[in-house]
Every structure is written in structure tokens, then in C-alpha cells.
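J.: Sharing a structure with you now.
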Amino acid sequence: MRRDYLGFIGAQQRLGDLAAQRILRERVVDVFDPALVRALMVDHADALVRWARGPEVFADLMGQSVLVTEGATWQRQRRMLMPAFTPKRVAGYAALMTQAAVEGLARVRPGEVAMDALYSHLTMDVISRTLFSTPIGQDTAAAAHAVQVLSETALGEMFWPVTLPDWLPLPGKAAKRRASRLLHGLLASHINARADADDGRSDLLGMLKALRDETTGEALSRQEVYDQCMVSFQAGHETSATALLWWSWLLATHPEVQDRARAEVDAMLAGRVPTADDAGALPYLSATLKEAMRLYPPVAAIMTRRLTRDITVGGVQLPARTLVRVTPWLLHRDPRCWPEAEAFRPERFLPGAPHEIPRGAYIPFGLGPRVCLGQHFAVLEMTLIAALVLQRFHLSPVEASPPEPRMAVTLRPAGGLRLRLAARAPQQPQP
Ligand code: HEM
């Protein structure tokens, strides 16, 4: 099941839009219809808690962060964190994002390029600068490797009924311990250096320290600040890097789409570095990114919840304690919702597109109250990086066959992705 998890869930689709099965002693229901997904995740959101295996596997890294907590604690944390992630606040990070990308792309040697390493570096640098006002520097390769190790071991451990302690001499545990130590060391060095300072900085760490609950006036505890930083670091770069990887592959193999996106970027920017306002005014480029996340959603599966009480969805009663699974990979490729579902057609996402997208059919950032907190951040970051890439390079494939999608925590191309990057002549910015 772990080896072909998406295929395994897809096979349940023939049982209907609500497919029930027993796995060990658990009753598990897959929800395949977009309207039912909405009914579950939005209308019955108060009857859901996260499936505990995710947080259990990542316990050491996720702490008591907003990704993990439930009930009143989650509500308080989410309420406090929202102002740090509004489109307006996030727009304030655009300059830090483009600085990281411009510097990173300037180091790329045209020719065959390992795109995973490139995007891991860029997105990690973006999150490091926005969290701590500090470039990631030399730490990237080791940190990116640590994130990969954790992502790989995590998916394996999620299929065990319990997490065996990390100190046990089991395969993979030593690598997990090393990776976890490395990430804690990296973050702690930044956070501890500013532990007592009321530095008034406008980076995310400064903002987290300054947040006050509007009802109680309380600040986040020191541990909560640490945990939210760790989650932003973890959740905030691998997902965006993965989305950019698949986007690059799709543009490299659809040169007409690449040319059109680049023409839009050139017409809008005339060679200058994009701002947050520019990013909101590149509809075709945005559509290419949305379509890439449709075909290859970074969080492709394991949006799993446990019911805390009986509910009725689509006329079917689901008893308390049932595990319900929502799988973006399958919703995003359902031919009932998407004409030519397997084809890369960015036009679907252009304003005025003829075919309306059913609500609940497109959920790369999840849906309901636990929708991705960082989605505006991610969209801005990806649009800016994508525009900068197209300004500087032509992308073409090295291999003719598409990379195999492989589920870790995010959906990565198995064996990585190499593309050929040809440098463009620099454009002269218009006065
Ligand atoms: C392309 C990039 C991204 C994608 C596709 C993505 C996707 C998601 C998805 C699907 C969820 C919901 C999971 C579920 O319902 O079980 C989620 C939650 C979350 N994401 Fe993202 N994410 C991205 C980037 C980011 C960034 C940049 C940040 C922070 C800087 C972030 C922070 C979070 C947090 C904190 C949650 C938990 C929210 C809660 O439970 O209340 N994500 N993300």
C-alpha cells in the first residue's frame, strides 16, 4: 500500500463516491465527490479532528504548533497567527523573496540543472529570510537533505499503528534522529539569539513575538513561537519547492505554454524584478502554476480526519471514530469535473474560462477552517520565483519520459528532476 498509495486509494473509487472499508480495526471512508468533500470539510468541520498519526510521527518537530493542536488551543493559535499571513502582510515579504531568488538564480550555470536542489535552496532561503531576516547561507544542502529524510521516513511510519521510540536501533531511526537534530540546531541558533530581545523587527519571528490575542491580550509562549517557526520552516518550503518542480517540468515539455507565460512576464516587467503588485497582475503565469498544482498537488493525499461524533454526508450516516480520507490527487483528475483531465491546460484557470470548476474539486491548499495558513505566502513566492526563472532561462527536458510521482509527505518526482536551462539575453529594464 505504501509503495503505490495513490493507486491503492484510486482503486477504491469503483466502490462509489463514499467508499468504506475496514483496515485492521479501523473503519475508513474515502470521499471522492467534490460536493461531499465540501459537506465534510466545511459543513461538518466541527466534527473532525486530525488523524493522530501525522502529528505523532512528526511529534518531535511539530510540537504544539497550529498544524497539530485541536479545539480551543488551535482556535487561539489560528486566530493569533492569521494577521501574520494576510495577503497585505505577506506582500511586505515580496522584496525578501525576490532578493533570495535573484541571488540564487544568478548562481545557476546554464546547462543540465538539478532542479530539486535549486528550488529547495531558493524556497529555504525565502523562508529563512522571511522568518529571521537572515539568508540560509551554507546550511541549505544539509537542511534540504534532512527535510527529505524526515519526509521519507514519516510516510513509512504513518503506516505503522504506533510510532516506536526514535532511540530504538531500527532501520531509518538513526537517520531520522540526525535529521531532526540538524533542523532543531538550525532553528534554535536563530531563535535563541533573539530570545530576550524585543527587537521590533518586521520579519515573521518578530511578528510572532509581538502577536497578542485580541480577546485576552496574551502573547504566544516561547515554546509556541519556536513551534510555529519550525512548522513554517517545514511546511513552508518543501511544498512550494515541489510545486515549482512540477511546474518547471510541465513548462519544459509544453514550449507553447512556456512562450506565452514568458511573453506575459516580459510585457509586464520589461526586465525588472517583480513586486507583489506585479505578481497579482500576471493571470496566465498564475494559471500555469494553478494547473501544475492541479495535476501534481504537493499535498496529494493523507488529508485524513477522525470523526468525533456521528454525522450524515450525502444521505449516508458515518459513525463517530470513523476515519475519513480526502485525496486531492484524485479530485484534481476526476474526468467528471475536468474536461481532458490528464492534459495540461492552464486556460482552465483564466478568468472567463468556459468550464466552471465545481466547488470542492480543486483543493491544493485544503479547505474548511484548517485550510493552509500560508497559502497567500506560497502563491506570492511561487509567482515571483516563476517570473524570475522565465526572465532568465528557457527550460527544456533532459529526459523524454515524465518523472514518476512518488509520495513522501509531498509528491516529489522519483529520482529528482534535471532540466536543461539555456540563458536568455538580459533584457534592459525600461526607464
Ligand atoms: C505550495 C505550497 C503549499 C501547499 C500546497 C500547502 C498545502 C497545505 C495543505 C493542503 C494544508 C491542509 C492540510 C490538511 O487539511 O490536512 C496546509 C496546512 C498548513 N500549511 Fe500549507 N501549503 C503550502 C505552503 C505553506 C506555507 C508557505 C506555509 C507557511 C509559511 C504553510 C503553513 C501551513 C500551516 C501552518 C498549515 C496548518 C493550518 C491549520 O491546521 O490550521 N503552508 N497546507
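Using our numbering, the final residue of the sequence shown is 666, and nothing's skipped along the way.
Beta carbons are placed, not taken as given, at the ideal position from N, Cα and C, and that holds for glycine.
These numbers were taken from a predicted model, which means no experiment stands behind them.
Could you check if T398 belongs to the surroundings of ligand 1, using beta carbon to heavy atom distance under 7 angstroms?
T.: No, Cβ of T398 sits at least 7 angstroms from all heavy atoms of ligand 1.
J.: So what does DSSP say about S233, is it helix, strand or coil?
T.: Here the chain has residues from 236 to 666 only, and residue 233 is not among them.
J.: Where in the segment 310-385 do unbroken runs of the alpha helix (DSSP H), each at least 4 residues long, occur, reported from the N-terminal end onward?
T.: Segments of the alpha helix (DSSP H) lying fully in the segment 310-385: 322-326, 329-341 and 350-367.
J.: Which of the three DSSP states, helix, strand or coil, is assigned to V263?
T.: Residue state, collapsed to three classes: strand.
J.: With M350 and L654 assumed to form a contact (beta carbons below 8 angstroms), what rounded beta-carbon distance in angstroms separates them?
T.: Yes, M350 and L654 are in contact; Cβ-Cβ is about 5 angstroms, under 8 angstroms.
J.: Return the CA-CA distance between S386 and T398, expressed in angstroms with no decimal places.
T.: Cα-Cα distance, rounded: 15 angstroms.
J.: How far does the beta strand (DSSP E) with Q247 in it extend, from its first residue to its last?
T.: Run containing Q247: none; DSSP gives neither H nor E here.
J.: Got a sec: does ligand 1 put a non-hydrogen atom nearer than 7 angstroms to the Cβ of M538?
T.: The answer is yes for M538.
J.: Does at least one heavy atom of ligand 1 sit under 7 angstroms from the Cβ of V272?
T.: No, ligand 1 has no heavy atom inside 7 angstroms of this Cβ.
J.: With a floor of 3 residues, list each beta strand (DSSP E) that falls wholly inside the segment 391-427, ordered by position along the chain.
T.: As far as the segment 391-427 is concerned, it has no whole beta strand (DSSP E) run of at least 3 residues.
J.: Report the partner residues of A641 according to the DSSP bridge assignment.
T.: It should be pointed out that residue 641 corresponds to Arg in this sequence rather than to Ala. R647.
J.: Near A410, which residues of its chain fall below 6 angstroms by C-beta distance, leaving aside the five closest residues on each side in sequence?
T.: Within the same chain, A410 has close Cβ partners V384.
J.: Excluding the five sequence neighbours on either side, which residues of its own chain have a C-beta within less than 7 angstroms of the C-beta of P518, listed in chain order?
T.: Cβ neighbours of P518 beyond the five flanking positions: L585 and P586.
J.: Are the beta-carbon atoms of V361 and E616 separated by less than 8 angstroms?
T.: Yes, the pair counts as a contact, with Cβ atoms nearer than the cut-off.
J.: Closest to G452 by C-alpha separation, out of M538, Q312, A428 and A378, would be which residue?
T.: Of M538, Q312, A428 and A378, the residue nearest in Cα terms is Q312.
J.: Quick one: is H279 buried, meaning 16 or more other Cβ sit within 10 Å of its Cβ, or exposed?
T.: It counts as buried.
J.: Quick check: the Cα distance between R429 and A514, rounded to an integer number of angstroms?
T.: The alpha-carbon atoms of R429 and A514 are separated by roughly 32 angstroms.
J.: When burial is assigned at 16 or more other CB atoms within 10 Å of the CB, is S533 buried or exposed?
T.: Here residue 533 turns out to be Pro, not Ser, going by the sequence shown. Answer is buried; the Cβ neighbour count reaches 16.
J.: Classify T465 as buried or exposed, calling it buried when 16 or more other Cβ atoms lie within 10 Å of its own Cβ.
T.: Contrary to the premise, residue 465 reads as Met rather than Thr in this sequence. Buried: at least 16 other Cβ atoms inside 10 Å.
J.: If H489 sits next to F579, beta carbons under 8 angstroms apart, how far is it from one beta carbon to the other, in whole angstroms?
T.: Yes, H489 and F579 are in contact; Cβ-Cβ is about 6 angstroms, under 8 angstroms.
J.: Return the residue from the list R447, R560 and A341 that minimises the CA-CA distance to A255.
T.: Of R447, R560 and A341, the residue nearest in Cα terms is R560.
J.: With DSSP as the reference, please indicate the residues paired to T562 in a beta bridge.
T.: T562 is not bridged to any residue.
J.: Where does the unbroken alpha helix (DSSP H) through V606 begin, and where does it stop?
T.: Unbroken run through V606: none, as it is neither H nor E.
J.: By the three-class DSSP mapping on this structure, what secondary structure does R285 have?
T.: Here R285 sits in strand by DSSP.
J.: Measuring alpha carbon to alpha carbon, tell me which residue in W484, T375, L353 and E347 is nearest S636.
T.: Among W484, T375, L353 and E347, the Cα nearest to that of S636 belongs to W484.
J.: Does the beta-carbon distance from A555 to R544 come in below 8 angstroms?
T.: Their beta carbons are under 8 angstroms apart, which means A555 touches R544 by this criterion.
J.: Under a three-way DSSP split, which group does Q552 fall into?
T.: Of the three classes helix, strand and coil, the one that applies to Q552 here is strand, per DSSP.
J.: Spell out a yes or no on whether the segment 611-628 and the segment 443-463 are touching, meaning 3 or more CB-CB pairs, one atom from each, closer than 8 angstroms.
T.: Taking 8 angstroms as the limit for Cβ pairs, the verdict is that the segment 443-463 does not touch the segment 611-628.
J.: Determine, using beta carbons only, whether A536 comes closer than 8 angstroms to chain C.
T.: The structure shown contains no chain C; it is built from a single protein chain.
J.: Nearest CA to the CA of I620: which residue from W573, P589, V500 and G609?
T.: Of W573, P589, V500 and G609, the residue nearest in Cα terms is V500.
J.: Using only the heavy atoms of ligand 3, determine whether one of them is closer than 7 angstroms to the beta carbon of S355.
T.: No copy of ligand 3 appears in this structure; the ligands present are ligand 1.
J.: Can you tell me which residues form a DSSP beta bridge with Q256?
T.: DSSP, once it has assigned bridges, lists V263 as partnering Q256.
J.: If you measure from the CB of A428, is any heavy atom of ligand 1 nearer than 7 angstroms?
T.: False, no ligand heavy atom lies under 7 angstroms from that Cβ.
J.: Would you say M315 and D401 are within 8 angstroms of each other, going by their C-beta atoms?
T.: No; because the gap between Cβ atoms is not below 8 angstroms, this pair is not in contact.
J.: Return the CA-CA distance between V303 and T539, expressed in angstroms with no decimal places.
T.: Cα-Cα distance, rounded: 13 angstroms.
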